[in-house]
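Trainee: One structure, as structure tokens, below. Some questions next.
Number of protein chains: 2
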Amino acid sequence: MKVAEGLSIGSLSQQIGVNIETIRYYEKIGVMPRPGRSAGGYRVYGPEHVKRLHFIRRGRELGFSLDELRGLLRLVDGHSYTCAEVHALTVEHLEDIRQKIADLKSLKRVMSNMAASCTRDQIPECPVIDALYKMPPVRPPGSPAPARRAPSG
Amino acid sequence: MKVAEGLSIGSLSQQIGVNIETIRYYEKIGVMPRPGRSAGGYRVYGPEHVKRLHFIRRGRELGFSLDELRGLLRLVDGHSYTCAEVHALTVEHLEDIRQKIADLKSLKRVMSNMAASCTRDQIPECPVIDALYKMPPVRPPGSPAPARRAPSG
DNA sequence: CTTGAGCCTGTAGTGGCTACAGACCCTATC
DNA sequence: GATAGGGTCTGTAGCCACTACAGGCTCAAG
Chain A
8 MKVAEGLSIG SLSQQIGVNI ETIRYYEKIG VMPRPGRSAG GYRVYGPEHV
58 KRLHFIRRGR ELGFSLDELR GLLRLVDGHS YTCAEVHALT VEHLEDIRQK
108 IADLKSLKRV MSNMAASCTR DQIPECPVID ALYKMPPVRP PGSPAPARRA
158 PSG
Chain B
8 MKVAEGLSIG SLSQQIGVNI ETIRYYEKIG VMPRPGRSAG GYRVYGPEHV
58 KRLHFIRRGR ELGFSLDELR GLLRLVDGHS YTCAEVHALT VEHLEDIRQK
108 IADLKSLKRV MSNMAASCTR DQIPECPVID ALYKMPPVRP PGSPAPARRA
158 PSG
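In order, the protein sequences belong to chains A and B. Just so we're aligned, residue 8 is where the first sequence starts under this note's numbering, counting upward by one. Just so we're aligned, residue 8 is where the second sequence starts under this note's numbering, counting upward by one.
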């Protein structure tokens, strides 16, 4: 459905590859601006919305939180950002990523060892279970979950 | 506070390094068994609870979801697990971790390039912003967020 | 017996969505 | 003009794995 000079939420959703519900959610929390409305109350999006949603999608893909994106977008919106500011945010985020990779690698090491010690027998005994029971904690108490699993998709 | 032959929730919390609220949460969702109670209604934990909470903490550190841990613990509880079963779960999880590392690495590459292209000038222009606006999506539509940020810790 | 720390239950909040219910709109066909 | 079907609207509740209260109770020490 193409409203004169504008996209419906469904078209926008398809074009950028972001769910309709997610777009409405972005509007609600203020990272997407409120679009115009048709006579019947349908949202009508222009090219600036397309650009912005694309920006958000890319940012999310790169692991920026919506809050960080809000920060970036505030800079962009005010046309007041400098390259240095953006660089700082980028580097900060990059450091996060590096840390996460390091965490996951040490995880992988431990898991690999566990799997390797497994005889895969049909016997009711497993070094993996033993390891989980006996292994001393690697990280200091109070940070019990350094790696959160991906939620679904 | 030491109840005769048992630990209070606070002592357990300290000993294993898991928040009191989290322990109660684990009880509520059924990964920790209900402990005994003192006359006044306080939870009283025994050595089996210590072992189990330790198991859960280690599992969480290794990135197992509570649901996966429930699965492992069901096997353990029934004393019916075989090494092969546990191995399968471990390998599956290991594959998840590998995939996540790969995702994060490609993320890092992109972010590094972006940061490197930055002049860090005090001018209101930045290739990072441009990149976010212009970069074509890497992944197919419908999976807008391959990397979710760690929640806090 | 008082004090204060610890514990109890229950509820609500976090992030980033997703999934409904029940109503409304819009277009195409008959 | 009626109707069928899709798309869209709002609002709410759910997901995970916690965390943070509020308002009351218990317990051990002094």
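Backbone N, C-alpha and C define an ideal beta-carbon position, used for all residues, glycine too. Note that the structure is predicted; figures quoted are calculated from it, not measured.
First and last residue of the alpha helix (DSSP H) that includes S1(B)?
Mentor: The question about residue 1(B) has no answer, for chain B in this structure spans 8 to 160.
Trainee: Does the stretch 107–114 of chain B touch the stretch 72–82 of chain A, meaning 3 or more C-beta pairs lie closer than 8 Å?
Mentor: Touching, no.
Trainee: So, for S124(B): in the same chain, excluding its five sequence neighbours on each side, which residues have a beta-carbon less than 6 Å away from its beta-carbon?
Mentor: Within the same chain, S124(B) has close Cβ partners P134.
Trainee: Do Y52(A) and G17(A) have their C-beta atoms within less than 7 Å of each other?
Mentor: Cβ atoms of Y52(A) and G17(A): not closer than 7 Å.
Trainee: Would R81(B) count as contacting chain A if we go by Cβ distances under 7 Å?
Mentor: By this cut-off, R81(B) is not an interface position.
Trainee: What are the partner residues of L14(B), as DSSP defines its beta bridges?
Mentor: Partner(s): Y52(B).
Trainee: Looking only at C-alpha atoms, which of I63(B), D128(B), I130(B) and P54(B) sits nearest to G37(B)?
Mentor: It is I63(B) whose Cα lies nearest to the Cα of G37(B).
Trainee: Check whether the stretch 96–104 of chain A and the stretch 42–62 of chain A touch, using three or more Cβ-Cβ pairs below 8 Å as the test.
Mentor: Flag = no, the stretch 96–104 of chain A and the stretch 42–62 of chain A do not touch.
Trainee: At a Cβ threshold of 7 Å, is P151(A) touching chain B?
Mentor: Its pLDDT being 35, under 50, P151(A) is placed unreliably in this model, and the value from its coordinates should be taken loosely. So, interface residue.
Trainee: For R67(B) and T89(B), what's the separation of their Cα atoms in angstroms?
Mentor: Each residue's Cα considered, the two are about 21 Å apart.
Trainee: Residues of chain A with a CB under 8 Å from the CB of D128(B): which are they?
Mentor: Those are T89, C90 and A91, listed as they occur along chain A.
Trainee: Which residues in chain B have a C-beta closer than 8 Å to the C-beta of Y108(A)? List them in chain order.
Mentor: Strictly speaking, residue 108(A) in this sequence is Ile, with Tyr absent from that position. Correct list: I108, L111, K112 and K115.
Trainee: In this structure, how does DSSP classify R127(B) when only helix, strand and coil are distinguished?
Mentor: Reduced to three states, the DSSP call for R127(B) is coil.
Trainee: For a contact meaning CB atoms closer than 7 Å, what does M118(B) contact in chain A?
Mentor: Ordered by position in chain A, the residues that pass the 7 Å Cβ test against M118(B) are L69, T97, H100, L101 and I104.
Trainee: Could you tell me whether the Cβ of P131(B) comes closer than 7 Å to any Cβ of chain A?
Mentor: P131(B) counts as touching chain A.
Trainee: According to DSSP, is P158(B) helix, strand or coil?
Mentor: Since pLDDT at P158(B) reaches only 33, below the 50 mark, its modelled position is unreliable, and the value read off the structure follows with that caveat. Looking at P158(B) - three-state DSSP - the assignment turns out to be coil, as it is neither helix nor strand.
Trainee: Near L19(A), what residues of its chain come up, given a Cβ to Cβ distance below 6 Å and the 5 sequence neighbours on each side ignored?
Mentor: Same-chain partners within the cutoff: Y52.
Trainee: Compare the C-alpha of A46(A) against each of D137(A), L69(A) and S15(A) and name the closest.
Mentor: The shortest C-alpha separation from A46(A) is found at S15(A).
Trainee: From the DSSP output, in three-state form, read off G66(B) for me.
Mentor: Of the three classes helix, strand and coil, the one that applies to G66(B) here is helix, per DSSP.
Trainee: Between the alpha carbons of D110(B) and M118(B), how many angstroms are there, rounded?
Mentor: So the two alpha carbons sit approximately 12 Å from each other.
Trainee: Less than 8 Å between the CB atoms is what I'm expecting for S87(A) and P131(B), so what's the real figure, rounded?
Mentor: Indeed they touch by this definition, with Cβ atoms about 7 Å apart.
Trainee: Among G48(A), L60(A) and R44(A), which residue has its Cα nearest to the Cα of N26(A)?
Mentor: Nearest C-alpha to N26(A): L60(A).
Trainee: Please go through the same chain and pick out, in chain order, the residues whose beta-carbon is closer than 8 Å to the beta-carbon of F71(A), but skip the five residues on each side of it.
Mentor: Around F71(A): L79 and H100.
Trainee: Since G66(B) meets chain A, which of its residues come closer than 7 Å, beta carbon to beta carbon?
Mentor: By Cβ distance, chain A contributes L139.
Trainee: Where A122(B) and G24(A) are concerned, what is the direct C-alpha to C-alpha distance, given to the nearest angstrom?
Mentor: If I take the Cα positions, the gap works out to 26 Å.
Trainee: Determine whether the Cβ of M121(B) lies closer than 7 Å to any Cβ atom of chain A.
Mentor: Chain A contact via Cβ: present.
Trainee: Apply the 10 Å Cβ neighbour rule to Y33(B) and answer buried if 16 or more other Cβ atoms are within range, or exposed otherwise.
Mentor: Buried, because 16 or more other Cβ atoms sit within 10 Å of the Cβ of Y33(B).
Trainee: Look up Y140(B) in the DSSP assignment and say whether it is helix, strand or coil.
Mentor: Y140(B) falls in the helix class under three-state DSSP.
Trainee: Please work out which residues of its chain come closer than 8 Å, Cβ to Cβ, to Q22(B), disregarding the five sequence neighbours upstream and downstream, and give them in chain order.
Mentor: Here the set comprises L14 and V57.
Trainee: Taking the alpha carbon of D103(A) as the point to measure from, which residue in L69(A), A91(A), D128(A) and D84(A) has its own alpha carbon closest?
Mentor: Checking every option, the nearest Cα to that of D103(A) belongs to L69(A).
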